[in-house]
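When you read off a place in the sequence shown, starting at 1, and then add 161, the result is the number in our numbering.
For each residue, glycine too, the CB sits at the ideal point set by N, CA and C.
All of these numbers come straight from a predicted model, not from anything done at the bench.
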Amino acid sequence: FYTSLTQIASSMWNKAPDMLLVSIAQTECGIPNFTPKEMSDILAYLYFLHYVDEPGDASNGKKLFTEMGCAQCHGRGDEHGRPMFIDLSKYRNAAHTEIVASIWNHGVQMRKATGEQGISWPQFKKGDMADLLEFLRNPAAQ
């Protein structure tokens with residue numbers, strides 16, 4: 162993974178002779194010319210890849226779902242939890258960013274519910290979020 166945009170640009174430059182002569186030159190599209198905006202988009206995408214986690218462990222995510230108290234409110238599978246129910250099946254195969262945004266947006270309701278129920282606010286350790294997301298995306302893969 163790259164740690165900076167200039168490292169990506171350097172790597173692209175260093176690989177250009179092979180890419181230009183072998184791969185791209187042999188295709189019908191030819192050698193691309195990028196606008197500054199297009200190059201910016203490519204660099205941003207490649208830089209972003211550094212921040213994408215490896216897939217989580219759905220089995221551990223299932224365990225965390227219970228241990229962190231998620232199951233108390235949301236239930237498991239088709240079960241309804243208390244004091245609220247959110248159908249988690251909508252997250253099957255969803256993008257991680259979609260699930261994380263929903264979790265964040267749900268935070269105000271969750272803070273109120275945890276306070277009213279005397280439930281402690283869940284804390285994530287390294288890797289926990291990836292495991293939980295994998296479980297939510299694919300609850301049958303355990």
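Contact check, residue i vs residue j, beta carbons under 9 Å
i	j	result
residue 296	residue 221	yes
residue 283	residue 230	yes
residue 254	residue 194	no
residue 166	residue 208	yes
residue 280	residue 233	yes
Cα-Cα separation, residue i to residue j
i	j	result
residue 204	residue 215	20 Å
residue 292	residue 197	38 Å
residue 210	residue 266	24 Å
residue 168	residue 177	14 Å
residue 235	residue 287	23 Å
residue 173	residue 252	36 Å
residue 175	residue 219	39 Å
residue 170	residue 180	14 Å
residue 269	residue 276	11 Å
residue 201	residue 228	43 Å
residue 224	residue 199	43 Å
residue 301	residue 206	31 Å
Element boundaries [alpha helix (DSSP H), containing residue i]
i	result
residue 265	257-266
residue 174	166-179
residue 227	219-228
residue 301	Segment: none, residue 301 is in no alpha helix (DSSP H) and carries neither H nor E.
residue 204	197-209
residue 233	231-235
Exposure label - residue i; buried when at least 16 CB within 10 Å
i	result
residue 226	buried
Close-in-space but distant-in-sequence residues of the same chain around residue i (CB under 8 Å, 5 per side omitted)
i	result
residue 294	217, 222, 257, 260 and 261
residue 272	282
Close beta carbons around residue i, own chain, < 7 Å, minus the five adjacent residues each side
i	result
residue 290	none
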